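A short write-up of the structure that comes next.
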Amino acid sequence: MPIVYLLRHAQSEANIKGILAGRDDSVNLSKFGQKQASNLVGYLENLNIHQVYCSPLARCIQTINPYMKKNPRISFDFEPQLLEMDYGTWSGKSLKILSRNKLWKSVQSSPEKFKFPEGESFKQMRQRVDLMIEKLSKAKEPVLLVTHGDIIKMFITSALNAPINQFQSYVIEPGSITTLNISKSGHTVLQTNYSQKQSNFKAFRTNILGGGNLIQLRAKRKLK
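All residue numbers for the sequence shown refer to UniProt numbering, where the first residue is 1 and numbers rise by one.
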């Protein structure tokens, strides 16, 4: 029954701009995101992690680099199953503009039936998350996954054995940690969206693709 920690990459340049980055590997962490990554090291070192699996995208690698540099003996592997959702032709576009798309309502209200144009369906993402959970169920020590907001939302949905249409009920902030207990007899969500900095709950907006919270991200930018 391993404990699995899911770390969403720290704030990226696309988060600040309100861009749906998708699988764009040219997206880097913002200056604030770099500070988040550095500040995570001490907390992660207290989790007794034995294995790190990381999305191969740059923003995830940059998030975990400070920790791995201080802890080089911990087993590290890239995991394609942890890649961000493939948003197809929506990738690289402004969330504000996408929200005016006639398909936006379907993404929010019935994602189970939705497939992004030239991209991935939510059912396909659920399938690869389920495959990853099956793999993790065989672990015996704590594992850290470094991944993306929508992937973590689907991990929560799957762990709760909830329908895909519940997917949009969760918000995962950049640099936050969600904790699951994975077991062959059933899974438990122990904690979601943990951050070392108090969240601005009044600013929260749900139903943002990429797992984020656009108002919160803009607020953080102004505070720098």
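Here a beta-carbon is modelled for each residue, glycine too, at the ideal position from N, C-alpha and C. Computed from a predicted structure; not experimentally measured.
For Gln81, I'd like the list of residues in its chain whose CB is within less than 7 Å of its CB, leaving aside the five on either flank, ordered along the chain.
Locating residue 81 in the sequence shown gives position 81, counting from the first residue. Answer for Gln81: Arg128, Leu131 and Met132, listed in chain order.
Cβ-based neighbour list, Leu44, same chain, cut-off 6 Å, excluding 5 preceding and 5 following
On the sequence shown, residue 44 is found 44 positions in, with the first residue counted as 1. Excluding the 5 residues flanking it on each side, Leu44 has same chain C-beta neighbours closer than 6 Å at Tyr67, in chain order.
So, helix, strand or coil for Lys115, using DSSP?
Against the sequence shown, residue 115 aligns to sequence position 115. In the structure shown, Lys115 sits in a strand (DSSP, three-state: E or B).
Helix, strand or coil: which one does DSSP assign to Ala139?
The count along the sequence shown starts at 1 and reaches residue 139 at position 139. It is coil, neither helix nor strand.
Could you confirm whether any beta carbon from chain C is found closer than 8 Å to the beta carbon of His50?
Included in the structure is just one protein chain, with no chain C present.
Count the C-beta pairs between the segment 1 to 18 and the segment 148 to 168 that are closer than 8 Å, then say yes if the count reaches three, no if not.
Flag = yes, the segment 1 to 18 and the segment 148 to 168 touch.
Helix, strand or coil: how does DSSP classify Val171 here?
Taking the sequence shown and counting its residues from 1, the one referred to as residue 171 is at position 171. Coil at Val171, not helix or strand.
Taking the continuous alpha helix (DSSP H) assigned at residue 284, which residues delimit it?
Since the first residue of the chain shown is 1 and the last is 224, residue 284 is not available in this structure.
Check for me: the alpha helix (DSSP H) holding Tyr43 runs from which residue to which?
Along the sequence shown, one-based indexing puts residue 43 at 43. Residue range Lys31 to Glu45 is occupied by the alpha helix (DSSP H) that includes Tyr43.
For the alpha helix (DSSP H) containing residue 237, name the first residue and the last one.
There is simply no residue 237 to check, as the chain begins at 1 and stops at 224 in what is shown.
Considering only residues of the same chain and omitting the five flanking positions on each side of Lys17, which have a CB-CB separation below 6 Å?
Locating residue 17 in the sequence shown gives position 17, where the first residue counts as 1. Excluding residues within five positions, none has a Cβ falling inside 6 Å.
Could you give the DSSP three-state label for Arg128: helix, strand or coil?
By one-based count along the sequence shown, residue 128 stands at place 128. DSSP, reduced to helix, strand and coil, places Arg128 within a helical segment of the structure shown.
Cutoff 7 Å; reference Glu13; Cβ partners in own chain excluding five residues on either side:
By 1-based counting over the sequence shown, the position of residue 13 is 13. Hits under 7 Å: Val27, Asn28 and Ser30.
When the Cα of Tyr194 is compared with those of Pro117, Thr178, Gly186 and Ser185, which residue comes out closest?
Position 194 of the sequence shown, counted from the start, is the residue given in the question as residue 194. Comparing alpha-carbon positions, the option among Pro117, Thr178, Gly186 and Ser185 lying closest to Tyr194 turns out to be Thr178.
Pairwise C-alpha distance: Asp77 and Tyr53:
As a first step, residue 53 is located in the sequence shown; it is residue number 53 there, counting from the start. As a first step, residue 77 is located in the sequence shown; it is residue number 77 there, counting from the start. Rounded to whole angstroms, Tyr53 to Asp77 spans 5 Å at the Cα level.
Within 7 Å: the Cβ of Ile133 and any heavy atom of the ligand ADP?
Among the components modelled here there is no ligand, and therefore nothing to report on the ligand ADP.
Validate contact between the segment 49 to 65 and the segment 140 to 147 using beta carbons, cut 8 Å, 3 pairs
Yes, they touch.
Can you tell me the Cα-Cα spacing of Arg23 and Leu40, whole angstroms?
Position 23 of the sequence shown, counted from the first residue, corresponds to residue 23. Position 40 of the sequence shown, counted from the first residue, corresponds to residue 40. Each residue's Cα considered, the two are about 24 Å apart.
Taking contact to mean 3 or more Cβ pairs, one atom from each stretch, closer than 8 Å, check whether the segment 158 to 174 and the segment 85 to 101 are in contact.
The answer is no - the segment 85 to 101 does not touch the segment 158 to 174, with fewer than three Cβ pairs under 8 Å.
Give the secondary structure of Ser121 by DSSP, where H, G and I count as helix, E and B as strand, and everything else as coil.
Numbered from its first residue, the sequence shown carries residue 121 at position 121. It is a strand residue.
Mapping DSSP to helix, strand and coil, what is Ser26?
Taking the sequence shown and counting its residues from 1, the one referred to as residue 26 is at position 26. In the structure shown, Ser26 falls within a coil segment according to DSSP collapsed to helix, strand and coil.
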